Structures are given as C-alpha cells and as structure tokens.
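Asks: My questions will all concern the structure given below.
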Amino acid sequence: MDVTDQIAIVTGGGRGIGRAIAHVLASNGADVVVADINEGDAQTVCGEINEHGGRSIAVSVDVTDSESTENLAAQTLGEFGRIDILVNNAGTIGSPGWEGRDRPNDDDWDHIHNVNVHGIARVTDAVVEHMKSRRYGKIVNIASVAGRTGTRTNFAYGASKAAAINLTRCYAADLAPHSIHVNCVCPGLVWTKMWERIASRRIGQGIDDEMTTRESFDQFVASNTPLGREQTPEEIANAVVFLASDAASGITGQALNVDGGYAMN
C-alpha cells in the first residue's frame, strides 16, 4: 500500500476513523491535509503525524459550504502544488438533539444529506478539475453498511449512506475517462463518538435498557457480526489506503465492506 510522496486530503480527519486514515496514509508515505470543521482537532492530528516524521497541515473546512471546500483545495495546492488523493470522510448521524427523537425530523434529513451526500459532491467538485488536468486521482468516499441494509434506528442516515454509495458509482463512471478512480469503503461496527450517540439513542428508546453505551454497542456487535468482534478505525483506514494506492489501479466504482460479515453484499 505504497502512497509515497502522494498528496492526500482527508475530510473529517480530526478524530475517529478520519484520524486513523490520516495516520495510515502518512505512515505509508503520503503528505496529508487533515481537514475538519474543528480546526483544533485537525491540528492535534497533524501534531501527531509530524512528531512521527510525517508531513501534514491542518485546514478548517465546512463541507456544507462551497466557499470553504474551494478554499480547502486552494490551500492544498498552495502548500503542496497538487492533489493526488481525496478521502471524503466527513459525516454526521443527525442534527443537534437527534438522540432524543423517535424519528428523524426535517432538520435531521436536511443536515444529514447536506453533509453525507452533498458534502462529498462539494469537496470532489472542488478538486476534480485539477485531477482531470493531470489525468490522475484517487477518490475514496466513506459510506457505511447502513447504506447496504435497512435499519430501525435512523432512516435518514441509512438513506444518506446508500446515496453516497450510488454517488461513488456516478463519479466513477464520469471520471474514468480521465484516469480518476472513485471507490468507497463501508465501515461496519466501529466504536467512535458517532456510535456512542447511536447507542445512547438505543438506550433511550428502551432497546438496550439498563446498559451503558459501550455495553449496548458490544451487544449489537455480538448479535450482528459473524466474526463476533467490532472493527477498528485502523482496519477501515487500511482499506482506504489500499484503494488510494496504485495496487488498486484496476478498481473503480466499487463499495468495499469492512464489517466483519455484517452485510455480506
């Protein structure tokens, strides 16, 4: 999974899966732009990478704002001169207060799709003309197994991730003539702040009554994953870096599950 001297952008890179992706890209030779709506989180990850001999910069980005995503591309080009890899990892599970609602409201639907679907399009569109001019680029979107299966707990999130998978295929078909590869990774059950929110909602709905959030998560993993264990952010990151490397030069338009057998499709 050699990405030596490649320039990579990771949105949502300040924590969780995004942080792991930034680290694994850097450890495999890439220079990394850690982009996050929380610039402090991005700077922390950059400090970790640079302390271990990597090269990275932090950029504040709001993927719901086109001016912000254009600025991300401009800052990357200004610092590094090119963009080889884009990882669209920024995502959300709901608007503020989501955990307390039985069903997603209009704000949830709008906010989730603005980040999880339109956010991918905004950042991709900000970098793609540069990639076309070089006839080279690797784009990896982070979807979810929630986009592969029906869920009882968040319709809006699952629908947005299904849309992200289809958007990946649309971009792959459109950009293949320009030698740009577009794929996505569908994480399974990874203990992150996002899953902590999901577990909190399950407890609030009485699904996992009298459990801690971590116990609720562990119960869900044990009941739904054939391998019987959670996935780690590093396992997701390894799949991303493979798809971003020239080892995956024959692959585009694909959705790769890293889910312990949860979806099997």
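Residue numbers (this note's numbering): 2 to 266.
The C-beta atom is built at its ideal place from N, Cα and C for all residues, glycine as well.
In this text, all values refer to a predicted model and were calculated from it rather than measured experimentally.
1) ASN142 lies in the beta strand (DSSP E); which residues open and close that run?
2) To the nearest whole angstrom, what separates the beta carbons of ILE204 and SER217, a pair I think is in contact under 8 Å?
3) Please state the DSSP three-state secondary structure of THR125.
4) CA-CA distance, SER145 and SER134?
5) In whole angstroms, give me the CA-to-CA distance for ASN106 and ALA43.
6) What residue ranges within the region 183-223 form continuous beta strand (DSSP E) runs of no fewer than 3 residues, ordered along the chain?
7) Which residues in the same chain as GLY17 place their Cβ atom closer than 8 Å to its Cβ, once the five residues preceding and following it in sequence are excluded?
8) Tell me whether ILE252 sits in a helix, a strand or coil according to DSSP, three-state version.
9) Inspect the beta-carbon positions of GLN220 and MET212 and report whether they are closer than 8 Å.
10) Excluding the 5 residues preceding and the 5 following ALA59 in the sequence, name in chain order all residues of the same chain whose CB lies nearer than 7 Å to its CB.
11) Please tell me whether SER161 and ASP3 are closer than 8 Å, where the distance is taken between their beta carbons.
12) Taking its Cβ as the centre, do 16 or more other Cβ atoms sit within 10 Å of CYS185, making it buried, or is it exposed?
13) What do you get for THR5, buried or exposed, if any count of 16 or more other CB atoms within 10 angstroms of its CB means buried?
Replies: So, to answer that:
1) Element bounds for ASN142: 138-143.
2) With a Cβ gap of about 6 Å, ILE204 and SER217 count as contacting.
3) Assigned with DSSP and collapsed to three states, THR125 falls in helix.
4) Rounded to the nearest whole angstrom, the CA to CA distance from SER145 to SER134 is 31 Å.
5) Rounded to the nearest whole angstrom, the C-alpha separation of ASN106 and ALA43 is 30 Å.
6) Complete beta strand (DSSP E) runs here, min 3: none at all.
7) Counting only Cβ-Cβ distances below 8 Å, and skipping sequence neighbours, we find VAL191, THR193, LYS194, MET195, PRO234.
8) Annotated three-state conformation of ILE252 is coil, per DSSP.
9) A distance below 8 Å separates the beta carbons of GLN220 and MET212.
10) Hits under 7 Å: VAL35, GLU40, ALA43, GLN44, CYS47.
11) Taking 8 Å as the cut-off, the beta carbon of SER161 is found no closer than this to the beta carbon of ASP3.
12) Around the CB of CYS185, 16 or more other CB atoms lie within 10 Å, so the residue is classed as buried.
13) Its Cβ having fewer than 16 others within 10 Å, THR5 is exposed.
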